[in-house]
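Peer 1: Below you will find the structure I want to go over with you.
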Amino acid sequence: MKQNETMLNTPHNFKSIYVDETDIDLAGDDHLFTGIETPIRADAFELSDSEKIHNIEHHFREIMHMLGLDLSDDSLRGTPLRVAKMYVKEIFSGLNPSNKPKIALFENKYNYNQMLVEKDITLFSNCEHHFVPIYGKAHIGYISNVNIFGLSKLNRIVQYYSKRPQVQERLTIQIGRELQEILGTKDVAVIIDAKHMCVSTRGINDTNSATVTSFYDGKFLEEHTKSEFNKYINL
Ligand SMILES: [Zn+2]
19 MKQNETMLNT
29 PHNFKSIYVD
39 ETDIDLAGDD
49 HLFTGIETPI
59 RADAFELSDS
69 EKIHNIEHHF
79 REIMHMLGLD
89 LSDDSLRGTP
99 LRVAKMYVKE
109 IFSGLNPSNK
119 PKIALFENKY
129 NYNQMLVEKD
139 ITLFSNCEHH
149 FVPIYGKAHI
159 GYISNVNIFG
169 LSKLNRIVQY
179 YSKRPQVQER
189 LTIQIGRELQ
199 EILGTKDVAV
209 IIDAKHMCVS
219 TRGINDTNSA
229 TVTSFYDGKF
239 LEEHTKSEFN
249 KYINL
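Whatever position you read off the sequence shown (first residue = 1), add 18 for the working numbering.
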């Protein structure tokens, strides 16, 4: 009996919780992508934004302190609070569904039924494996159905899903599906062409490569529609 107890307390039993450090490095650099939905806990919004900012400030101060930085220095003193506010209110604000842009739909009165393309939409996100920026362009195409909305709303949807820790594949699909739902059509295409700072500034240190991901559905799965879209965005 004593022996069993000892066995239960050996590090071996913690293997399923604490992943080996080498596995973590490999998973991050190999760009592991586990699902289309952002993995958010059920209790994610029980704390208010100001409670989160307060807690993150405390933990970020600990990180800086542990790195050996002198937090009494005038230049560093405000950094933990600044980072905490930036995380909650800006660069990760898209985790909270209450920040989802409200989209007013209009009836497609002109009966415009051709392709609409919005290209070179500025995109800033952050890699969920390293918490460093992903930046580039998003290109969106859709074929109008009954609903249309203001063009700036395309930027808003791109921004909302970008303001989460992300992997580029998931971001592309989330934007595509959201547009399909709002517009009431399957005929949507999304291309993201972006650079990852976890690739350029560390690890493999490649400053030239860019990553292109695509979402094609409905009529965009047909070769002529897809190539018309790709021609407009000069892909
Ligand atoms: Zn990364």
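No residue lacks a Cβ here, since even glycine has one placed at the ideal position from N, Cα and C.
Measuring straight from C-alpha to C-alpha, what distance separates His76 and Arg95?
Peer 2: Those two C-alpha atoms are separated by around 12 Å.
Peer 1: Count Cβ pairs between the stretch 173-184 and the stretch 211-230 that sit closer than 8 Å; are there 3 or more?
Peer 2: The stretch 173-184, when compared against the stretch 211-230, does not touch it at the 8 Å Cβ threshold.
Peer 1: Quick one: complete alpha helix (DSSP H) runs, 4+ long, within the stretch 63-123?
Peer 2: Within the stretch 63-123, the complete alpha helix (DSSP H) runs of at least 4 residues are 67-84, 92-95 and 97-103.
Peer 1: According to DSSP, is Thr190 helix, strand or coil?
Peer 2: Thr190: helix per DSSP, three-state reduction.
Peer 1: Classify Pro115 as buried or exposed, calling it buried when 16 or more other Cβ atoms lie within 10 Å of its own Cβ.
Peer 2: Exposed, by the Cβ-count rule.
Peer 1: For the putative contact between Val208 and Ile158, defined by C-beta atoms under 8 Å, what is the C-beta separation to the nearest angstrom?
Peer 2: The pair is a contact, with the Cβ atoms about 5 Å apart (cut-off 8 Å).
Peer 1: DSSP state of Glu240, grouped into three classes?
Peer 2: Coil, per DSSP.
Peer 1: May I ask whether a heavy atom of ligand 1 can be found less than 7 Å away from the beta carbon of His310?
Peer 2: Residue 310 lies beyond the residue range present for the chain, which begins at 19 and ends at 253; the question has no answer from this structure.
Peer 1: Roughly how many angstroms separate the alpha carbons of Leu172 and Tyr179, rounded to a whole number?
Peer 2: Their backbone Cα atoms lie some 11 Å apart in a straight line.
Peer 1: Please give the ranges of any beta strand (DSSP E) in the stretch 161-191, keeping only runs that are unbroken, at least 3 residues long and fully inside the region.
Peer 2: Taking only runs of at least 3 residues, no beta strand (DSSP E) segment lies wholly in the stretch 161-191.
Peer 1: So the alpha helix (DSSP H) Ser218 belongs to, where does it begin and stop?
Peer 2: First-last of the alpha helix (DSSP H) with Ser218: Met215 to Ser218.
Peer 1: In terms of residues, what are the limits of the beta strand (DSSP E) holding Asp138?
Peer 2: Where Asp138 is concerned, the enclosing beta strand (DSSP E) stretches over Met133 to Cys145.
Peer 1: Would you call the CB atoms of Gly202 and Val164 closer than 8 Å?
Peer 2: For Gly202 and Val164, yes; Cβs fall inside 8 Å.
Peer 1: What is the DSSP secondary structure of Tyr128, counted as helix, strand or coil?
Peer 2: Three-state DSSP puts Tyr128 in coil, outside helix and strand.
Peer 1: Give the straight-line distance between the Cα atoms of Asp88 and Thr231, rounded to the nearest whole angstrom.
Peer 2: For Asp88 and Thr231, the distance between alpha carbons rounds to 42 Å.
Peer 1: Write down the C-beta distance between Glu196 and Ile175 rounded to the nearest angstrom, noting that I regard them as a contact closer than 8 Å.
Peer 2: Right, the Cβ-Cβ distance comes to about 6 Å (below 8 Å), so this counts as a contact.
Peer 1: So, for Ile109: in the same chain, excluding its five sequence neighbours on each side, which residues have a beta-carbon less than 7 Å away from its beta-carbon?
Peer 2: Same-chain partners within the cutoff: Asn144 and Lys181.
Peer 1: Per DSSP, which residues does Lys155 bridge with? Please list them.
Peer 2: According to DSSP, which records beta bridges pairwise, Lys155 is partnered with Thr140 and Asp211.
Peer 1: Relative to ligand 1, is the shortest distance from any of its heavy atoms to the C-beta of His77 smaller than 7 Å?
Peer 2: Every heavy atom of ligand 1 is 7 Å or more from the Cβ of His77, so no.
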